[in-house]
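**Student:**
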Amino acid sequence: MSPRLALVLSTATFFALAVFALGMTSLLLDASVIAEPGLGQIPGILAMAGTTLAFLLTLRPGLGRPQPSYASALWTALACFLAYPLVAALGILIVGGELGVATAVVLRHVTGAFGLAVAASALLAAVAAIAMVRTRGGRAQWPWERESDEE
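This is the structure:
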């Protein structure tokens, strides 16, 4: 698979996995992802957009190599782990929140389950992208299609 296609597919996968992981973590912990009241949805939307962009920009150079290394998946996961709380804090400041609230959100994500949920989603999607690029398999075929190729 081409690196560009793998990047597009894995970025969409990361976004879906991260939204799911944050939602399930919130449900299991019975806690909001950004628990401070009165901030609205803007910080969370900006955080997901910024983290998805971080995923894309961090994984892209690793996929461009002739034989991509799985180590680039770790860098991608780390970038997403850090990007989510930092962009969320920026979003809090944009909507008029206080610096103390933004700092609390960063610390809560870096030390809690929400940060791990984002990092795990990024790691899983990045490893899948690298595997898609490294694998040299062809398209799937039915048994009778293989028989006609052999003739």
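Residue numbers (the numbering used here): 17 to 167.
Don't be surprised by glycine CBs; every beta carbon is placed ideally from N, CA and C.
Since this is a predicted model, take the numbers as computed values, not measurements.
With DSSP as the reference, label T27 as helix, strand or coil.
**Tutor:** It is helical.
**Student:** Tell me the residue span of the alpha helix (DSSP H) that contains S48.
**Tutor:** First-last for S48: undefined, no H or E at that position.
**Student:** Leaving out the 5 sequence neighbours to the left and right, which residues in its chain are closer than 6 angstroms to E52 when beta-carbon positions are compared?
**Tutor:** These residues qualify, in order along the chain: V117.
**Student:** In the stretch 68-118, which residue ranges form an unbroken beta strand (DSSP E) of at least 3 residues, counting only runs that do not cross its ends?
**Tutor:** Fully enclosed beta strand (DSSP E) runs of 3 or longer: not present.
**Student:** If you drop the 5 nearest sequence neighbours on each side, which residues of the same chain put their C-beta closer than 7 angstroms to that of A144?
**Tutor:** S26 and T29.
**Student:** Would you decide whether M40 is buried or exposed? Buried here means 16 or more other CB atoms lie within 10 Å of its CB.
**Tutor:** M40 is exposed by the Cβ-count criterion.
**Student:** So, are the CB atoms of A138 and F36 less than 9 angstroms apart?
**Tutor:** Against a cut-off of 9 angstroms, the Cβ pair of F36 and A138 comes out as no contact.
**Student:** From L98, M148, L109 and G80, pick the residue whose C-alpha is nearest to that of Q57; which is it?
**Tutor:** If we check each option's Cα against that of Q57, L109 comes out closest.
**Student:** Is there a C-beta anywhere in chain B that falls below 9 angstroms from the one on L94?
**Tutor:** Protein chain content of the structure displayed is limited to a single chain, and chain B is not contained in it.
**Student:** Quick one: is G112 buried, meaning 16 or more other Cβ sit within 10 Å of its Cβ, or exposed?
**Tutor:** Per the 10 Å Cβ criterion, exposed.
**Student:** DSSP three-state call for S18: helix, strand or coil?
**Tutor:** In this structure, S18 counts as coil in the three-state DSSP scheme.
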